[in-house]
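A short worksheet on the structure shown next.
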Amino acid sequence: MSHILHHAHSVHIPGFLPFALITVVVEMLWRLPVIEKGYNFLSAGSTLVIALGHTLTDALTALILAPVFALVWHFAPWHFSMHDWRVWVIGFFVVEFAYYWYHRFSHEVRWLWANHAVHHTPEEMNLLSAIRLGWTNLISAGWLVYLPVMWLGFDPRMVIILLALDLRFQFFLHTEARINLGPLEWILNTPAHHRIHHASNAPYIDKNYGGALIIFDRMFGTFAAERKDEPLRYGLDHPLDTNNPIGLVFGEWRRLLSDLRRAPNWYAAARIALGRP
């Protein structure tokens, strides 16, 4: 259990943080002179506060979930070795598949969306928006999606490392810089694909859920490309109209709980909580 918790907080890529900071500054300098883009420093400040809160709540979540993950893996019918490179290759695709469904459920189930919505509140697409993440991962219970991966025999430490690397890759997808990877656009998630995911226009909502890969979106019919007749509009379809970090983090929870209080019975409440946002 302690090893799992250790890996949850010690996944380290040499040079990642300074490189990420440099790209944030470069992007800011690139956006500032462009009138139609600019840079929303008030929103950026809110993002940094939210990111700090996420770091603290994520540590608490890891502390609570570590024994759960360890227990599930303990009862797995077999255990794959972390020292076999083939296990890592297979594990990458399995974890990516699980992430696709975690992300999709986070959009299609209102209870999960209440936590995930904060990530979609920025009304401009920039690298800092990648770290605007919810504080209620434990309560929203999206982590349940990963339990079958561990029950299949993949070491929880491997799952956590692969997820951490996936999220670091996704940091660089949150930009309006026109970066085209050619044929790799068919396989990898790219800034172009992820801009679609963050758009709130009707044709783009609930599209492009992939983490590092876009292949599962193509397989399951959730892929969309940008249309020339539909410029991207970022933010929530029903904005929270605030830059207050607390309001952004708990805004969708407040809306959900308000609807639950008005529900006439438990069945109706369950349909609201587990239905689409």
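In short: position in the sequence shown from 1, add 238, done, that's this note's numbering. Every residue, glycine too, gets a C-beta built ideally from N, C-alpha and C. Note that the structure is a prediction, hence the values are computed from the model and not measured.
> Roughly how far, in whole angstroms, is the beta-carbon of His345 from the beta-carbon of Asp444, given that I think they are within contact range, below 8 Å?
Replying inline: Position 107 of the sequence shown, counted from the start, is the residue given in the question as residue 345. Position 206 of the sequence shown, counted from the start, is the residue given in the question as residue 444. About 5 Å; that satisfies the 8 Å criterion.
> Between Trp311 and Pro394, which are expected to be in contact by the criterion C-beta below 8 Å, what is the C-beta distance as a whole number of angstroms?
Replying inline: Mapped onto the sequence shown, residue 311 falls at position 73. Mapped onto the sequence shown, residue 394 falls at position 156. Rounded, the Cβ-Cβ distance is 5 Å, consistent with contact.
> Leu366 and Ala304 look like a contact to me (Cβ under 8 Å); what is the Cβ gap, rounded to whole Å?
Replying inline: Taking the sequence shown and counting its residues from 1, one reaches residue 366 at position 128. Taking the sequence shown and counting its residues from 1, one reaches residue 304 at position 66. Not quite, the Cβ-Cβ distance comes to about 29 Å (not below 8 Å), so this is no contact.
>> Alpha carbons only, please: which of Ala258, Arg514 and Trp339 is nearest the one belonging to Trp381?
In response: In the sequence shown, counting from the first residue as 1, residue 381 sits at position 143. Closest option to Trp381, Cα to Cα, is Trp339.
> Do Val287 and Pro483 have their CB atoms nearer than 9 Å?
Replying inline: To locate residue 287, count along the sequence shown from 1; it is residue 49. To locate residue 483, count along the sequence shown from 1; it is residue 245. In this structure, Pro483 lies closer than 9 Å to Val287 by Cβ.
> Is the stretch 409-428 in contact with the stretch 322-339, if contact means three or more CB pairs nearer than 8 Å?
Replying inline: no
>> With H, G and I counted as helix, E and B as strand and the rest as coil, what does DSSP make of Ala368?
In response: Here residue 368 refers to the residue found at position 130 of the sequence shown. If DSSP states are grouped into helix, strand and coil, Ala368 belongs with the helices.
> Sorted by chain position, which residues of the same chain lie with C-beta nearer than 7 Å to Leu451's C-beta, five sequence neighbours on each side aside?
Replying inline: Translated into positions along the sequence shown, residue 451 becomes position 213. Within the same chain, Leu451 has close Cβ partners Glu334, Ile425, Leu426 and Asn427.
>> Under 8 Å, with one C-beta from each stretch per pair, do the stretch 454-470 and the stretch 429-446 reach the 3-pair mark?
In response: yes
> Would DSSP call Leu451 helix, strand or coil?
Replying inline: Mapped onto the sequence shown, residue 451 falls at position 213. DSSP places Leu451 in strand when its eight states are reduced to three.
> Does the distance from the CB of Pro458 to the CB of Val397 come in under 9 Å?
Replying inline: Reading the sequence shown from its first residue, position 220 is the one you call residue 458. Reading the sequence shown from its first residue, position 159 is the one you call residue 397. Before going on, a small fix: residue 458 reads as Phe here, not Pro. Not in contact: Phe458 and Val397 (Cβ atoms no closer than 9 Å).
> If we count the other Cβ atoms within 10 Å of its Cβ and call it buried at 16 or more, is Ala508 buried or exposed?
Replying inline: For the purposes of this step, residue 508 is taken as residue 270 along the sequence shown, with counting starting at 1. So Ala508 counts as exposed.
>> For Asp404 and Trp316, what's the separation of their Cα atoms in angstroms?
In response: Locating residue 404 in the sequence shown gives position 166, counting from the first residue. Locating residue 316 in the sequence shown gives position 78, counting from the first residue. Answer to the nearest angstrom: the Cα atoms are 25 Å apart.
> Taking the alpha carbon of Val347 as the point to measure from, which residue in Val332, Ser378, Gly372 and Trp373 has its own alpha carbon closest?
Replying inline: Locating residue 347 in the sequence shown gives position 109, counting from the first residue. Nearest option by C-alpha distance: Ser378.
>> Based on DSSP bridge pairs, tell me the residues matched to Tyr472.
In response: Taking the first residue of the sequence shown as 1, we reach residue 472 at position 234. Answer is Ala437.
> With 16 as the cutoff for other CB atoms within 10 Å, does Thr359 come out buried or exposed?
Replying inline: The count along the sequence shown starts at 1 and reaches residue 359 at position 121. With 16 or more other Cβ atoms within 10 Å, it is buried.
> Apart from the five residues on each side of it in sequence, which residues of its chain come closer than 8 Å, Cβ to Cβ, to Leu512?
Replying inline: Your numbering for residue 512 matches position 274 in the sequence shown. Val347, Arg348 and Trp349.
> If we call anything under 9 Å between Cβ atoms a contact, is Trp491 one with Ala352?
Replying inline: Residue numbering aside, residue 491 sits at position 253 when the sequence shown is read from its first letter. Residue numbering aside, residue 352 sits at position 114 when the sequence shown is read from its first letter. Result yes, Cβ atoms of Trp491 and Ala352 sit closer than 9 Å.
>> Using 9 Å as the threshold, is the C-beta distance between Arg471 and Ala437 below it?
In response: Locating residue 471 in the sequence shown gives position 233, where the first residue counts as 1. Locating residue 437 in the sequence shown gives position 199, where the first residue counts as 1. Yes, the Cβ-Cβ distance between Arg471 and Ala437 is below 9 Å.
> Is Phe257 buried or exposed, if buried means 16 or more other CB atoms sit within 10 Å of its CB?
Replying inline: Along the sequence shown, read from residue 1 onward, the residue named residue 257 stands at position 19. Exposed.
> By Cβ distance, which residues of its chain are closer than 8 Å to Glu265, with the 5 residues on each side in sequence left out?
Replying inline: Here residue 265 is taken as the residue at index 27 of the sequence shown, counted from 1. Asn364, Leu365, Thr413 and Ala415, listed in sequence order.
> Can you give the Cα-Cα distance for Thr374 and Thr285, rounded to whole angstroms?
Replying inline: As a working note, residue 374 is residue 136 in the sequence shown. As a working note, residue 285 is residue 47 in the sequence shown. One C-alpha to the other measures close to 16 Å.
>> If distances are taken between C-alpha atoms only, which option among Gly485, Ile302 and Leu309 comes closest to Gly391?
In response: Sequence index remark: in the sequence shown, residue 391 carries index 153 (1-based). Minimum Cα distance to Gly391 is reached at Leu309.
>> For the alpha helix (DSSP H) containing His341, name the first residue and the last one.
In response: Sequence index remark: in the sequence shown, residue 341 carries index 103 (1-based). Per DSSP, His341 belongs to the alpha helix (DSSP H) from Trp323 to Glu346.
> In this structure, does DSSP put Ile510 in helix, strand or coil?
Replying inline: Taking the first residue of the sequence shown as 1, we reach residue 510 at position 272. If DSSP states are grouped into helix, strand and coil, Ile510 belongs with the helices.
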